[in-house]
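Notes follow the structure.
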Amino acid sequence: MSFQPNPGDELIINGTAYVVGRHPAAPGLAYAQAGRQGIVYQLIAKNGAPHEAKALKVFFPKFRIPAMVYQSEHMETYGDIPGLQVCKRDVLTPERNGSLIAEQPDLLYAVLMPWVHGMTWFDCLTDQRQLEASDSLALARALAGIGSAMEQKGLAHCDLSAPNVMLPFFSEVELPEGTSAVELVDVEQMYSTKMDRPDALLAGSPGYAAHRTVHSGLWSAYADRFAGAIIIGEMLGWSDRVVVDKAWGESYFDQHEMQTPCERYFILRKSLEARWGSKVVELFSRAWDSQDLSSCPTFGEWLVVLNAVTEQEILVEDTETEPAATDTVGVAAVSGASSEAVSSLATPAPLKAEQAEMLNQAALEQGERGVTDKLFRQARELEQQNKPAAALEVYRSLYHFVEDGSPLHVEVSAAITELEEQLNPKMPEQPEKSKAWHRSKMFIATASAAVVLLAAGIPTVSILADQSNQRQIEAAKQEEALKAAKAAEEKLAAEQEAAQKSLTEKQRQEAEQQAKQQALAAQKQQEEQKKQQALIAQQVKYEAYLAQKEQNKQAAAKLAKQKAYDQQEKYEKYLALKKEQEARAAKEEAARKAAAEAEQKRKAVQARNKENVLQLISLYNKAYASQEGGSTAKAKSFAKRFRALYDSNPSYYRSVGEVGYRASSIYNFLGDTNFRLPKI
18 MSFQPNPGDE LIINGTAYVV GRHPAAPGLA YAQAGRQGIV YQLIAKNGAP HEAKALKVFF
78 PKFRIPAMVY QSEHMETYGD IPGLQVCKRD VLTPERNGSL IAEQPDLLYA VLMPWVHGMT
138 WFDCLTDQRQ LEASDSLALA RALAGIGSAM EQKGLAHCDL SAPNVMLPFF SEVELPEGTS
198 AVELVDVEQM YSTKMDRPDA LLAGSPGYAA HRTVHSGLWS AYADRFAGAI IIGEMLGWSD
258 RVVVDKAWGE SYFDQHEMQT PCERYFILRK SLEARWGSKV VELFSRAWDS QDLSSCPTFG
318 EWLVVLNAVT EQEILVEDTE TEPAATDTVG VAAVSGASSE AVSSLATPAP LKAEQAEMLN
378 QAALEQGERG VTDKLFRQAR ELEQQNKPAA ALEVYRSLYH FVEDGSPLHV EVSAAITELE
438 EQLNPKMPEQ PEKSKAWHRS KMFIATASAA VVLLAAGIPT VSILADQSNQ RQIEAAKQEE
498 ALKAAKAAEE KLAAEQEAAQ KSLTEKQRQE AEQQAKQQAL AAQKQQEEQK KQQALIAQQV
558 KYEAYLAQKE QNKQAAAKLA KQKAYDQQEK YEKYLALKKE QEARAAKEEA ARKAAAEAEQ
618 KRKAVQARNK ENVLQLISLY NKAYASQEGG STAKAKSFAK RFRALYDSNP SYYRSVGEVG
678 YRASSIYNFL GDTNFRLPKI
């Protein structure tokens, strides 16, 4: 791209003046980051605070799509969702930014959006920077919250990966209160029912794409679930040094290991279970073993589980901690009880085993009741609104939070079975299984009691049966005789009715046969008349055909003559046009070559100037170091080389960073060796 700004260059966009930011590691270069679709430059408003910086994304030619304007207008409404501030964007169009685009053609359909401060999750992975347990939990919660909010609005990022997850949580710039700990960038592939499907779909990033979908494009409401589960697992596992040391590199998993029983999976799974509990492991395993993206856990499920973890539940790094102690602290944290109660549970020494068990049970019932009741009410409301699919999804989420065998567990199981049968009805020949047995333990207990009573009453029933057996046999014989007589009467009536029907049917057939004969005679007469009329019509058509044929022959001869004249005229015009085009093409080729040579020379000069800037800085630093080391002769030698190089193009070097200031100092030093070079 020809757009290669220098730090400090000024751009005026939509009436606001911006300057290109300096790269922290190389002050002489612009602050830019390259991505899949283009390069992002940092722009700083002249009158704005550091946290108000903007990002200007300049797309490669392949991705400069006019529909970006329509897409950005729809994204604007999502900019208020925490973690999606980059959706607040402006697209540079010829209508609004014509003069700027005319000066810099590469800015056509470039996007101006907020600059997200902080490192990426990719940087955290590659640096192998271990996190505190509280930081891991905060990042995982933030990502789950963003994903849940997006799912509720039918959105998906569609390229969720470590480079696209920014962490303002670790920003060195002071950010406004309420800033999200996690931000998502590169949202051009975002899925929404209100946006058009992109022409080129991404297949997911290595280390985060399910191997069952890696070869197909991702663009659906479920696209983020698998990758989100992997990143949440990485964030939670990054507080464990064993997991950090075992990482593959640019991601924790190698792409070839995805959804396979590999060593890294079992190491991460063990760490998650030891530090964050069985429910976190269950969600991660569901995603890892999923057959498709829709069967992965929702971000809402992740958020419920992670919000149930409190500061008291975050474990210290002690590999010898017993699972029983972990469970006790986890139950206390889920309960949401007061700090005193949690503290008492987290300190097992003063409590007996029976007391701890009672407190754990009470805490569990008190803490989980709010979550389960809320989900249960939501599922019931969806059922009443005739939304069985949505209700089934909520019931499935609730199923993992209730105790096995509890009345609510039985009720939820029955509701799931009923909704699955409603959405996927069985064939008629398959009898529907009774669901009454799954409704409650009370029914099971009642049925058990009934079985006991029946077993106790067997002797009495046997005696009564013996006494009335004879009377039952006699009554059965009389009933059989009555049935036989009734059957004989019905048979006779049926035979009489059949005979009457046969006679009626015979008469009807004879009448139909007579009517058919009359109809055939009339039809034959009509056919003879039609044949005569057809012969007359055929003769008329033939005579008309001969007249039309002669007329067409004359018209064809006239048309052929006119076509020959037209073809000759077109050929002469073609020769003249071809000659003109060849002359124009030769002229354009010469102009193009001249422009290419000029552009090549300009780029070479620009590259040489940039290299010379680095050389000038190096020579100044050497002169300064020599003077500080007491070697005035060496310092003067480096200063002369600096002056010679600087004098080759002083107008350019004076405008680059602090080079002009360095040159002024060098001139002073060469004029007076007692002049002390400043440290720049």
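Counting the sequence shown from 1 gives a position; our numbering is that position plus 17. By construction, the Cβ of each residue, glycine as well, lies at the ideal position given by its N, Cα and C atoms.
- Taking C-beta atoms as the reference points, Gly171 and Ser209 count as a pair closer than 8 Å.
- Counting only the Cα atoms, Tyr95 lies some 11 Å from Arg106.
- Its Cα nearest to that of Leu415, the residue Arg397 stands out among Phe659, Arg397, Ala615.
- Leaving aside the five residues that flank Pro215 on each side, the residues in its chain whose CB is nearer than 8 Å to its CB run, in chain order, Glu205, Gln206, Trp236.
- Residue nearest to Gly677 within the set Phe77, Arg660, Phe316 is Arg660 (criterion: CA-CA distance).
- Just so you know, the alpha carbons of Val260 and Ala159 end up roughly 21 Å apart.
- As the crow flies, the alpha-carbon of Leu60 is around 21 Å from that of Met92.
- In this structure, the beta-carbon distance from Ser153 to Met252 falls below 8 Å.
- Judged by their CB atoms, Gly254 and Leu177 are not nearer to each other than the 8 Å cut-off.
- In the structure shown, the three-state DSSP call for Glu90 is helix.
- If you look at Val182, you'll find it in the beta strand (DSSP E) that goes 182-184.
- The Cβ atoms of Leu46 and Arg81 do not sit closer than 8 Å to each other.
- DSSP, reduced to helix, strand and coil, places Ala70 outside both helices and strands of the structure shown, so it counts as coil.
- For Thr649, the enclosing alpha helix (DSSP H) stretches over residues 649-663.
- Residue state for Arg292 is assigned as helix, using DSSP reduced to three classes.
- Taking 3 residues as the shortest admissible run, the stretch 97-140 contains the following complete beta strand (DSSP E) segments, listed from N- to C-terminal end: 128-131.
- For Ala161, the uninterrupted alpha helix (DSSP H) run begins and ends at 150-169, by DSSP.
- Judged by their CB atoms, Arg242 and Ala325 are not nearer to each other than the 8 Å cut-off.
- Non-local beta-carbon contacts of Thr196 in its own chain, meaning distances under 7 Å to residues more than five positions away in sequence, involve Pro185 in chain order.
- Within a 10 Å sphere around the beta-carbon of Arg292 sit 16 or more other beta-carbons, which makes this residue buried.
- Non-local beta-carbon contacts of Ala577 in its own chain, meaning distances under 6 Å to residues more than five positions away in sequence, are absent.
- The bridge partners DSSP lists for Arg39 are Ala47.
- Distance from Leu142 to Ala179 at the Cβ level is roughly 6 Å; contact confirmed, criterion being Cβ atoms closer than 8 Å.
- According to the DSSP secondary-structure assignment, Gln59 is paired through a beta bridge with Ala72.
- Taken through DSSP and simplified to helix, strand or coil, Thr33 comes out as strand.
- Shortest Cα-Cα distance from Pro22 to any of Pro41, Val57, Val202, Asn31 involves Val57.
- Annotated three-state conformation of Leu235 is coil, per DSSP.
- In the three-state reduction of the DSSP assignment, Glu205 falls in the coil class.
- Glu420 places its beta carbon 8 Å or farther from that of Ser256.
- Only residues of its own chain outside the window of five on either side were considered, and among them Thr33, Ala34, Tyr35, Glu69, Ala70, Lys71 have a CB closer than 8 Å to the CB of Ala62, listed in chain order.
- Following the DSSP letters along the chain, one finds Asn441 in no alpha helix (DSSP H), marked with neither H nor E.
- Beta-bridge analysis with DSSP links Ala173 to Tyr208.
- By the neighbour-count criterion, in which a residue is buried when 16 or more other Cβ atoms sit within 10 angstroms of its Cβ, Asn64 is exposed.
- By alpha-carbon distance to Glu189, the top candidate from Ser165, Gly135, Met167 is Gly135.
- Inter-segment contact for the stretch 664-677 and the stretch 629-637 is present: three or more beta-carbon pairs are separated by less than 8 Å.
- A straight line joining the alpha-carbon of Lys596 with that of Glu586 spans about 16 Å.
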